[in-house]
Amino acid sequence: MILITSTTFLGCSSSSKSATNTKETIGIIGAMNEELEVLLKDMKDTKEVKKNDLTFYEGNLWGKPVVAVVSGVGKVNAASCAQILVSEFKVNSLINIGVAGGVSKDIYPGDIVIGDTYVQHDVDTSVFGDKVGQIPRMDVYDFKADEKLLNLAIEATKDHTDIKSHVGRIVSGDQFIASHDKVAEIEKNFNASAVEMESASIAQVAYLNNIPFVIIRSISDNANNGATMDYKEFIPIGVKNSTAILKSMFEKM
Ligand code: ADE
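Counting along the sequence shown from 1, when you hit position 250 you're at 250 in the UniProt record's numbering, and nothing is skipped either side.
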């Protein structure tokens, strides 16, 4: 995990298509209404399209064409939503914002974590000798953020020196983590910075479609025994921080 300083710049492997021409449409996913409501207020020329029980907001956000959508919580909702954005709305890249539980010890509520790699922590075929998190018979273990989008997000954090920002692995699973033992296990198995319930499935869809993506999460809790209380209290701060980073990122595209 890397704490962002004024000189941080990352090289990492990228998908072969690279983000982002200013005319290209960006798909933006939030799992819950709260995670997108701040951003939706800034959208212009918005058209609402309903599909699969979801509302897709097509329009202009901070000068860029976007389709924004609340996917619902969990990996299947997020993956299905991401695939609709790619197949039906023809988005050229995917960005997910929202909140996450902090896993590394030096990460606290309000901090930002930009994911450089993504793993599904609840995938487990270790009885066949696989590493926990490895999706059987896939050629990758962790999905990697697009290099250009990742660096844009890192640059964006430098406009917000009041927010402590980190770059590291985000892991996802269909569980809200609220126990010291479980979060310690996740840290040990995955060397993760943050845990939540969607991003690694969005990353998998992006990988399968060869679409650039990055995920920006703000910490709402430390995934330990007090997590449910902290989560409720810190969601508004988390949403404010992740939206602010996204806005700065758009300004740099
Ligand atoms: N999203 C925010 N906090 C979380 C946690 N502790 N576990 C899973 N998803 C989360």
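Beta carbons are placed, not taken as given, at the ideal position from N, Cα and C, and that holds for glycine.
Do the CB positions of I28 and T157 come within less than 7 Å of each other?
In this structure, T157 does not lie closer than 7 Å to I28 by Cβ.
In the DSSP assignment, the beta strand (DSSP E) including Q83 goes from what residue to what residue?
No beta strand (DSSP E) holds Q83; the alpha helix (DSSP H) holding it covers 75-87.
What are the start and end residues of the beta strand (DSSP E) that includes N44?
Asn is not the amino acid found at residue 44; the sequence shown has Lys there. Counting along the chain, the beta strand (DSSP E) containing K44 begins and ends at 43-51.
Can you check DSSP and say which residues form a bridge with Q120?
Partner(s): S172.
Give the DSSP bridge partners of H166, in chain order.
According to DSSP, which records beta bridges pairwise, H166 is partnered with L3, V113.
Please name the residue in E37, L54, V113, L61 whose C-alpha comes closest to that of T46.
Minimum Cα distance to T46 is reached at L61.
Can you determine whether any heavy atom of the ligand ADE sits closer than 6 Å to the C-beta of E197, and answer yes or no?
Inspection of the sequence shows that residue 197 is occupied by Met rather than by Glu. Correct: M197 has its Cβ closer than 6 Å to the ligand ADE.
Which complete alpha helix (DSSP H) runs does the segment 206-242 hold, if anything under 4 residues is left out?
Those alpha helix (DSSP H) runs which fall completely within the segment 206-242 and span 4+ residues do not exist here.
Using DSSP with H/G/I as helix, E/B as strand and the rest coil, what is S15?
Bear in mind that a pLDDT of 46 at S15, under 50, signals an unreliable position, so the number given afterwards is only what the model happens to contain. Three-state DSSP puts S15 in coil, outside helix and strand.
Let's test the definition: count the other Cβ atoms within 10 Å of the Cβ of I235 and tell me whether it reaches 16, buried, or not, exposed.
Its Cβ being crowded by 16 or more others within 10 Å, I235 is buried.
Which residue marks the beginning of the beta strand (DSSP E) containing K64, and which one marks its end?
Note, K64: beta strand (DSSP E), 64-70.
With a threshold of 6 Å on Cβ separation, who are the neighbours of N224 within its own chain once the five nearest residues in sequence on each side are excluded?
Here the set comprises H180, V183.
Is there a Cβ of chain C sitting closer than 7 Å to that of T243, yes or no?
In summary, chain C is missing from the structure at hand, where a single protein chain is found.
Check whether the Cβ of G101 sits closer than 6 Å to any heavy atom of the ligand ADE, and report yes or no.
True, at least one ligand heavy atom lies under 6 Å from that Cβ.
Can I177 be considered in contact with the ligand ADE, in the sense that its beta carbon sits closer than 6 Å to one or more heavy atoms?
Result yes, Cβ under 6 Å from the ligand ADE.
In whole angstroms, give me the CA-to-CA distance for F190 and V67.
Each residue's Cα considered, the two are about 32 Å apart.
If you measure from the CB of D221, is any heavy atom of the ligand ADE nearer than 6 Å?
At least one heavy atom of the ligand ADE is nearer than 6 Å to the Cβ of D221, so yes.
Just checking, does the segment 77-90 make contact with the segment 110-129 on the three C-beta pairs under 8 Å criterion?
Taking 8 Å as the limit for Cβ pairs, the verdict is that the segment 110-129 does not touch the segment 77-90.
On the DSSP bridge list, what partners appear for V99?
DSSP lists S218 as partners of V99.
Note down the Cα distance separating S248 from Q134, rounded to an integer number of angstroms.
Their Cα atoms are separated by approximately 34 Å.
Consult DSSP for S199 and reduce its assignment to one of helix, strand or coil.
Note: S199 maps to helix in three-state DSSP.
Is there at least one non-hydrogen atom of the ligand MG closer than 6 Å to the beta-carbon of A200?
As for the ligand MG, it is missing from this structure, which binds only the ligand ADE.
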